[in-house]
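K.L.:
Supplied in structure tokens, the structure appears directly below.
Protein chains: 2
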Amino acid sequence: MRTAFCVAAAASLLSPVPALAQQAEAPPTTASVLAAAGADDWVVLPQEDLFYLFLDAGPVVFEVARAFAPAHLDNIDKLTEAGYFDGLAIVRSQDNYVVQWGDPAAGSAAARAFGDARQRLAPEFFRARSGLAFTPIDSRDAYADEVGFVDGFPVGSDGERAWLAHCYGMLGAGRANEADSGSGAELYVVTGHAPRHLDRNVTLLGRAVHGIERLSALPRGTGELGFYEIEAEQTPVLKMRFGNELPVTERIRLERLRTDTPTFESLVEARRNRVEDWFADPAGRIGLCNVPVPVRTIGE
Amino acid sequence: MRTAFCVAAAASLLSPVPALAQQAEAPPTTASVLAAAGADDWVVLPQEDLFYLFLDAGPVVFEVARAFAPAHLDNIDKLTEAGYFDGLAIVRSQDNYVVQWGDPAAGSAAARAFGDARQRLAPEFFRARSGLAFTPIDSRDAYADEVGFVDGFPVGSDGERAWLAHCYGMLGAGRANEADSGSGAELYVVTGHAPRHLDRNVTLLGRAVHGIERLSALPRGTGELGFYEIEAEQTPVLKMRFGNELPVTERIRLERLRTDTPTFESLVEARRNRVEDWFADPAGRIGLCNVPVPVRTIGE
């Protein structure tokens with residue numbers, strides 16, 4: 079009777095159930111939408127767009143958003159190729175906020191060299207909305223006039239500009255007070271309620287698509303802002319690589335539901351109007367960060 | 079230089095900084111609002127309204143919402159007095175969703191007896207809005223026509239009804255498909271992005287005010303819905319008690335910022351318009367679950 083006292087599932091859509099015999103009139107559920115999805119509704123994520131963080135516990139994989147942060151990702155390409163991240167550490171876990179990793183010696187004489195990479199980059203806090211395949215969703219968003227998805231990423235817009243939104247699992251480039259003080263050498267991932275007040279204030283560049291629990295369940299740091307107070311509490315970063323830099327045996331093959339299809343629109347509606355038996359009073363409404371974009375391992 | 083690459087702090091308001099010399103014209107910040115708060119802006123939380131979950135790692139403390147879930151809390155009073163929870167276990171941790179505890183044998187012949195407590199309760203999914211000291215906040219909420227705070231709790235309303243909102247840290251009573259199948263014997267706490275689609279679908283009854291990291295950083299369960307697959311993965315619940323049932327030495331004295339004061343309104347505005355140096359483009363907007371209600375230990 080383990081399931082007798084559940085609150086309704088959020089993540090079960092990540093493991094789509096087999097197709098069910100459905101009545102033509104049955105309103106869609108997350109499970110039925112995914113069961114009915116065809117091969118064209120999914121996109122295989124190219125290894126060059128997957129950024130792997132290797133920990134003792136295993137890899138965390140991020141899909142990167144080159145349309146939003148090309149300069150930061152180019153810099154990270156250079157840092158990664160030079161092995162900059164290898165042997166660094168997770169330095170911070172702040173409850174209901176972020177996990178952050180980078181060079182514990184950053185800013186001191188012992189800091190790692192950047193090699194060909196740049197130490198400061200112009201901010202990529204937003205870009206033009208035009209030129210994006212933007213799929214809006216009907217949602218009364220607290221922080222943006224318009225919200226929706228671009229290539230699987232949650233996005234806000236004011237009509238002219240578009241920006242990645244700080245939903246759970248989003249990957250960003252830490253910075254100091256100056257807007258151009260980020261470089262991609264210090265990274266964070268959102269591990270709590272979406273801190274949307276950070277939108278347009280920091281460069282986001284990707285989203286966790288595999289293994290985020292290896293970050294989100296880390297012990298919280300007890301120092302200010304969740305920094306670990308002693309070095310032994312830090313989690314070592316074994317290495318960071320883009321997938322195309324990895325031996326084939328270390329790659330994880332993933333596909334993601336496309337967000338520019340009628341299937342995705344049906345998924346959003348199924349999330350808006352939950353018709354599963356458990357729901358007594360379906361919301362009829364949906365928030366941007368409550369639309370999880372399904373990702374699955376190929377061949378499992 | 080640990081702080082050189084921070085994303086801005088969310089939790090620092092839990093440790094108010096000493097009062098700063100301020101210009102009269104300086105717009106408020108979270109720190110300045112809390113520094114200027116007087117004794118009347120805080121309320122000492124009565125021990126009979128604090129519900130303690132004791133783990134090997136230490137206590138997690140919840141403030142309970144008797145105005146919203148009186149029947150469930152009365153039932154939990156009975157269960158707690160009878161020692162029902164003592165020796166049970168945390169059975170589930172689902173990433174970006176909930177942590178849940180109760181009787182691993184629930185529903186089987188080995189299930190614990192409820193004694194004088196009830197096995198099923200009428201739902202307390204919402205109540206009348208009238209009769210509440212409701213402090214609305216100006217926010218375009220995705221899930222409710224109106225949102226605000228009542229006695230420190232985040233609340234949604236449609237004008238007639240009011241309900242507790244599933245923000246991070248909220249405590250609820252799990253149930254099966256039938257609306258009256260909850261009892262308070264199986265409890266969950268929100269440990270991810272606010273699952274607001276659960277609002278009005280399950281009885282919420284409190285909010286974590288101390289030690290939530292002892293739940294949110296637990297390893298995620300690898301079974302369906304985040305249930306632990308083997309008993310050894312479960313975390314023992316040593317005991318659960320209301321504060322007035324505890325020896326004084328085990329009590330934690332807490333005070334919470336009142337949410338029906340001009341000080342709280344200033345805090346909301348400071349969160350809406352972040353004027354700290356770090357912010358390049360303050361949102362000018364605020365979401366209900368992004369207003370943390372400060373709680374502090376008395377005498378520290």
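Chains as they are written, first to last, in the working numbering: chain A, 79 to 378; chain B, 79 to 378.
All C-beta atoms, glycine included, are put in the ideal place defined by N, C-alpha and C.
For clarity, every value in this text was computed on a predicted model and none was experimentally measured.
Name the chain A residues that come within less than 8 Å of residue 203 of chain B, Cβ to Cβ?
P.N.:
The residue you call residue 203 of chain B lines up with position 125 of the second sequence. Here the neighbours are 358 and 359.
K.L.:
Since residue 227 of chain A is in the beta strand (DSSP E), which residue starts that stretch and which ends it?
P.N.:
The sequence position of residue 227 of chain A within the first sequence is 149, counting from 1. Residue 227 of chain A -> beta strand (DSSP E) spans 224-228.
K.L.:
In chain A, which residues lie less than 7 Å from residue 296 of chain B when you measure between Cβ atoms?
P.N.:
Counting from one through the second sequence, the residue named residue 296 of chain B turns up at place 218. Within 7 Å Cβ-Cβ: 295.
K.L.:
Using DSSP with H/G/I as helix, E/B as strand and the rest coil, what is residue 100 of chain B?
P.N.:
Residue 100 of chain B sits at position 22 when you count from the first residue of the second sequence. Bear in mind that the predicted position of residue 100 of chain B carries a pLDDT of just 44, short of 50, making it too unreliable to give a figure here.
K.L.:
Show which residues of chain B have a CB atom less than 8 Å away from the CB atom of residue 217 of chain A.
P.N.:
Position 139 of the first sequence holds residue 217 of chain A. The contacting residues are 220.
K.L.:
When burial is assigned at 16 or more other CB atoms within 10 Å of the CB, is residue 153 of chain A buried or exposed?
P.N.:
Position 75 of the first sequence, counted from the first residue, corresponds to residue 153 of chain A. So residue 153 of chain A ends up on the buried side.
K.L.:
Go through the segment 274-350 of chain A residue by residue and report every complete run of the alpha helix (DSSP H) that reaches 4 residues or more, in order.
P.N.:
291-294 and 340-350
K.L.:
Excluding the 5 residues flanking residue 278 of chain B on each side, which residues of the same chain have their C-beta closer than 7 Å to its C-beta?
P.N.:
To locate residue 278 of chain B, count along the second sequence from 1; it is residue 200. 203, 204 and 241, listed in sequence order.
K.L.:
Please report how far the alpha carbon of residue 329 of chain B lies from the alpha carbon of residue 244 of chain B, in whole angstroms.
P.N.:
Numbered from 1 along the second sequence, position 251 holds the residue referred to as residue 329 of chain B. Numbered from 1 along the second sequence, position 166 holds the residue referred to as residue 244 of chain B. So the two alpha carbons sit approximately 27 Å from each other.
K.L.:
With 8 Å as the C-beta to C-beta threshold (strictly closer), list the residues of the segment 280-291 of chain A near chain D in chain order.
P.N.:
Included in the structure are the protein chains A and B, with no chain D among them.
K.L.:
Are the Cβ atoms of residue 339 of chain B and residue 127 of chain B separated by less than 8 Å?
P.N.:
The residue you call residue 339 of chain B lines up with position 261 of the second sequence. The residue you call residue 127 of chain B lines up with position 49 of the second sequence. No; because the gap between Cβ atoms is not below 8 Å, this pair is not in contact.
K.L.:
Beta-carbon within less than 6 Å of residue 248 of chain B's beta-carbon, same chain only, minus the 5 sequence neighbours each way: which residues are those?
P.N.:
Here residue 248 of chain B is taken as the residue at index 170 of the second sequence, counted from 1. Within the same chain, residue 248 of chain B has close Cβ partners 268, 282 and 285.
K.L.:
Are the Cβ atoms of residue 251 of chain B and residue 261 of chain B separated by less than 8 Å?
P.N.:
Taking the first residue of the second sequence as 1, we reach residue 251 of chain B at position 173. Taking the first residue of the second sequence as 1, we reach residue 261 of chain B at position 183. Contact: yes.
K.L.:
Residue 162 of chain A to residue 195 of chain A, Cα distance in whole Å?
P.N.:
Locating residue 162 of chain A in the first sequence gives position 84, counting from the first residue. Locating residue 195 of chain A in the first sequence gives position 117, counting from the first residue. Spanning the two alpha carbons is a distance of roughly 10 Å.
K.L.:
Please determine, among B:351, B:371, B:369 and B:298, the residue with the shortest C-alpha to C-alpha distance to residue 105 of chain B.
P.N.:
Residue 105 of chain B sits at position 27 when you count from the first residue of the second sequence. Selected option, being the one with the closest Cα: B:351.
K.L.:
Can you find a C-beta in chain B that's less than 8 Å from the C-beta of residue 310 of chain A?
P.N.:
Position 232 of the first sequence holds residue 310 of chain A. By this cut-off, residue 310 of chain A is not an interface position.
K.L.:
Between the segment 292-311 of chain A and the segment 142-149 of chain A, do three or more beta carbon pairs fall short of 8 Å?
P.N.:
With the cut-off at 8 Å, the segment 292-311 of chain A and the segment 142-149 of chain A do not touch.
K.L.:
Mind pulling the alpha helix (DSSP H) runs of 4 or more residues that sit fully within the segment 127-173 of chain B?
P.N.:
148-159
K.L.:
How long is the line joining the alpha carbons of residue 117 of chain B and residue 217 of chain B, rounded to whole angstroms?
P.N.:
Counted from its first residue, the second sequence places residue 117 of chain B at position 39. Counted from its first residue, the second sequence places residue 217 of chain B at position 139. Cα-Cα distance, rounded: 28 Å.
K.L.:
Spell out whether any CB of chain B is found under 8 Å from the CB atom of residue 374 of chain A.
P.N.:
Here the question's residue 374 of chain A lines up with position 296 in the first sequence. No - not a single Cβ of chain B is within 8 Å of the one on residue 374 of chain A.
K.L.:
On the three-state DSSP scale, how would you describe residue 110 of chain B?
P.N.:
Here residue 110 of chain B refers to the residue found at position 32 when the second sequence is read from its first residue. In the structure shown, residue 110 of chain B sits in a helix (DSSP, three-state: H, G or I).
K.L.:
When the Cα atoms are used, what is the spatial distance from residue 114 of chain A to residue 232 of chain A?
P.N.:
The count along the first sequence starts at 1 and reaches residue 114 of chain A at position 36. The count along the first sequence starts at 1 and reaches residue 232 of chain A at position 154. Near 23 Å, if we compare the C-alpha coordinates of residue 232 of chain A and residue 114 of chain A.
K.L.:
So, are the CB atoms of residue 39 of chain A and residue 319 of chain A less than 8 Å apart?
P.N.:
Because residue 39 of chain A is not part of the residues shown, which for chain A are 79 to 378, the question remains open.
K.L.:
In terms of residue numbering, what span does the beta strand (DSSP E) encompassing residue 231 of chain A cover?
P.N.:
Position 153 of the first sequence holds residue 231 of chain A. Taken as a continuous stretch (DSSP letters only), the beta strand (DSSP E) holding residue 231 of chain A covers 231-235.
K.L.:
Using a threshold of 8 Å, state whether the C-beta atoms of residue 107 of chain B and residue 358 of chain B are closer than that.
P.N.:
Against the second sequence, residue 107 of chain B aligns to sequence position 29. Against the second sequence, residue 358 of chain B aligns to sequence position 280. No, the pair does not count as a contact, with Cβ atoms beyond the cut-off.
K.L.:
To the nearest angstrom, how far is the alpha carbon of residue 293 of chain A from that of residue 368 of chain B?
P.N.:
Against the first sequence, residue 293 of chain A aligns to sequence position 215. Against the second sequence, residue 368 of chain B aligns to sequence position 290. Taking the straight line from one Cα to the other gives about 22 Å.
K.L.:
Does the CB of residue 101 of chain A have a neighbour CB from chain B at under 8 Å?
P.N.:
On the first sequence, position 23 is the one that residue 101 of chain A refers to. For residue 101 of chain A, the predicted model reports a pLDDT of 47, less than 50, meaning its position is unreliable and no value from the coordinates is stated.
K.L.:
Given this structure, state the Cα-to-Cα distance separating residue 376 of chain B from residue 122 of chain B, to the nearest angstrom.
P.N.:
Along the second sequence, one-based indexing puts residue 376 of chain B at 298. Along the second sequence, one-based indexing puts residue 122 of chain B at 44. If you draw a straight line from the Cα of residue 376 of chain B to the Cα of residue 122 of chain B, it is about 8 Å long.
K.L.:
Whose CA, out of A:362, A:155 and A:208, lies closest to the CA of residue 193 of chain A?
P.N.:
What you label residue 193 of chain A is simply residue 115 of the first sequence in a count that begins at 1. Of the listed residues, the one whose Cα sits closest to residue 193 of chain A is A:155.
K.L.:
Are the CB atoms of residue 184 of chain A and residue 302 of chain A within a distance shorter than 8 Å?
P.N.:
The residue you call residue 302 of chain A lines up with position 224 of the first sequence. The residue you call residue 184 of chain A lines up with position 106 of the first sequence. Taking 8 Å as the Cβ cut-off, residue 302 of chain A and residue 184 of chain A do not qualify as a contacting pair.
K.L.:
Hey, residue 189 of chain B and residue 181 of chain B: beta-carbon distance below 8 Å or not?
P.N.:
By 1-based counting over the second sequence, the position of residue 189 of chain B is 111. By 1-based counting over the second sequence, the position of residue 181 of chain B is 103. Yes, these two residues count as a Cβ contact at 8 Å.
K.L.:
Less than 8 Å separating the beta-carbons of residue 174 of chain A and residue 271 of chain A?
P.N.:
Position 96 of the first sequence, counted from the first residue, corresponds to residue 174 of chain A. Position 193 of the first sequence, counted from the first residue, corresponds to residue 271 of chain A. Yes, Cβ-Cβ distance for residue 174 of chain A and residue 271 of chain A is below 8 Å.
K.L.:
Taking the straight line between their C-alpha atoms, what separation do you get for residue 227 of chain B and residue 221 of chain B?
P.N.:
Here residue 227 of chain B is taken as the residue at index 149 of the second sequence, counted from 1. Here residue 221 of chain B is taken as the residue at index 143 of the second sequence, counted from 1. If I take the Cα positions, the gap works out to 15 Å.
K.L.:
Are the C-beta of residue 154 of chain A and some C-beta of chain B separated by less than 8 Å?
P.N.:
Against the first sequence, residue 154 of chain A aligns to sequence position 76. So, not an interface residue.
K.L.:
Which residues, taken in chain order from the segment 126-143 of chain B, show a beta carbon closer than 7 Å to some beta carbon of chain A?
P.N.:
Across the segment 126-143 of chain B, no CB contact with chain A closer than 7 Å is found for any residue.
K.L.:
Quick one: grab the DSSP three-state call for residue 366 of chain B.
P.N.:
On the second sequence, position 288 is the one that residue 366 of chain B refers to. Residue 366 of chain B: helix per DSSP, three-state reduction.
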